[in-house]
């Protein structure tokens, strides 16, 4: 089936951030997300899931372990399981990206207690 935001399951998270499940299976998750300016997720980690974030529009700031990494549109970043991380949109425009998780990260997310 051809997939788009228009025919995919939609959800809202955080402070007015949105997502669309493009693929939601037992072995693979592909999500398109939009983060408004000056939003961020909680610092967290996944026990089993590795993730790849591909930035479609804007510039993302990632906190991965003790490192701050900026990823521009057209680029991506791979995050291994068990590594604390978060994505932020510190910019004045929307941030749009794809996140691929193998296996899916739902039910495999552990928020850091101090964030």
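In the numbering used here, the protein residues as written are 1 to 115.
Just so it is clear, CB atoms sit at the ideal spot from N, CA and C, and this is done for glycine as well.
Only a predicted model underlies this, so the values are computations on that prediction, with no experimental measurement involved.
query	result
Hey, how far is the Cα of residue 59 from the Cα of residue 91?	7 Å
Tell whether a beta-carbon distance below 9 Å holds between residue 30 and residue 79.	no
Please report the residue range of the beta strand (DSSP E) in which residue 76 lies.	76-79
Rounded to a whole number of angstroms, what is the C-alpha to C-alpha distance between residue 4 and residue 42?	27 Å
Quick one: what does DSSP say residue 1 is sitting in, helix, strand or coil?	coil
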